[in-house]
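Following: one structure in structure tokens, then a few remarks.
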Amino acid sequence: MSEAKWYVVHTYSGYENKVKANIDKAIENRHLEEQILEVRVPMQEVVELKNGVQKASQKKMFPGYVMIHMIMNDDTWYVVRNTRGVTGFVGPGSKPVPLEEDEMLRLGISEEHIFSDFEIGDLVSVLSGAWEGTVGVVQSLNEQKQSLCINVELFGRETPVELGFAEVKKMD
8 MSEAKWYVVH TYSGYENKVK ANIDKAIENR HLEEQILEVR VPMQEVVELK
58 NGVQKASQKK MFPGYVMIHM IMNDDTWYVV RNTRGVTGFV GPGSKPVPLE
108 EDEMLRLGIS EEHIFSDFEI GDLVSVLSGA WEGTVGVVQS LNEQKQSLCI
158 NVELFGRETP VELGFAEVKK MD
């Protein structure tokens, strides 16, 4: 299996978040979680001065562009390219070109790898987020995405929840 890389997709201006949502939905529907790992609309914090009051807000770093961390193959290319609002991949002709390591670092995207000793069947406690304090058993692991899946009880039913390695700790 080839390595996942970051690619840039050009979108209609103002459609970046809609494209992200559509790609996320396509990933879920087509079960491409192992191939398309992350879809991101890069944002930056800016301070605006309005009526003498400073206000912090989020602005898109690159209007009209969405970044995707994925393994490039015919399926993933087709799904992304045929998403409503996408005009194409950034690169010469129809060949997508992945971002270089130094380009990713300048954008604040680092390839940090958390090495885990989690195994299927381990009992873990959630450290942060909506499920903080919840205890669950590891059902599956995704080393590439650096996440694991546990079942939590929601409305009287077992529901799978995907969490990052940094969000959980192994219980003794």
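Residue numbers for the sequence shown follow the working numbering, so the first one is 8 and each next one is one higher.
Don't be surprised by glycine CBs; every beta carbon is placed ideally from N, CA and C.
Residue i, buried or exposed, once every other Cβ within 10 Å from all chains shown has been counted against 16
i	result
Glu10	exposed
Met68	exposed
Asn29	buried
Met79	buried
Gly92	buried
Tyr14	buried
Leu39	buried
Phe162	exposed
Pro99	exposed
Helix, strand or coil at residue i according to DSSP, with G and I counted as helix
i	result
Leu112	helix
Ala63	strand
Thr166	strand
Lys176	strand
Lys25	helix
Lys32	helix
Val53	strand
Val86	helix
Arg91	coil
Ile75	strand
Residue i and residue j closer than 8 Å at C-beta
i	j	result
Thr83	Thr18	no
Leu170	Ser154	yes
Pro105	Lys27	no
Gln42	Met74	no
Pro49	Leu114	yes
Neighbourhood of residue i by C-beta distance below 7 Å, restricted to the same chain and skipping five residues each side
i	result
Val135	First, the residue type needs correcting, since residue 135 is Ser and not Val in the sequence shown. Taken in chain order, the residues that qualify are Glu174.
Val159	Trp138, Thr141, Gly143, Thr166 and Val168
Met63	The question names Met, but residue 63 in the sequence shown is Ala. So the list reads Glu52 and Val54, once near-sequence residues are dropped.
Tyr22	Gly92
Arg164	none
Leu130	Val142, Val144 and Met178
Gly46	In the sequence as presented, Gly is not what sits at residue 46; that position holds Val. Within the same chain, Val46 has close Cβ partners Lys27, Ile30, Asp31, Val73 and Ile75.
Ser132	Val142, Val175, Lys176 and Met178
Contacts around residue i, its chain only, beta-carbon distance under 8 Å, and the 5 residues preceding and following it disregarded
i	result
Pro70	Ser20, Gly21 and Glu23
Nearest-angstrom beta carbon gap, residue j and residue i [assumed within contact, 8 Å]
i	j	result
Phe125	Val16	Rounded, the Cβ-Cβ distance is 32 Å, inconsistent with contact.
Contacting residues, own chain, Cβ-Cβ under 6 Å from residue i (five flanking each side not counted)
i	result
Lys152	Leu44
Ile127	Val145
Val86	Ala33
Cys156	Gln146, Ser147, Pro167 and Glu169
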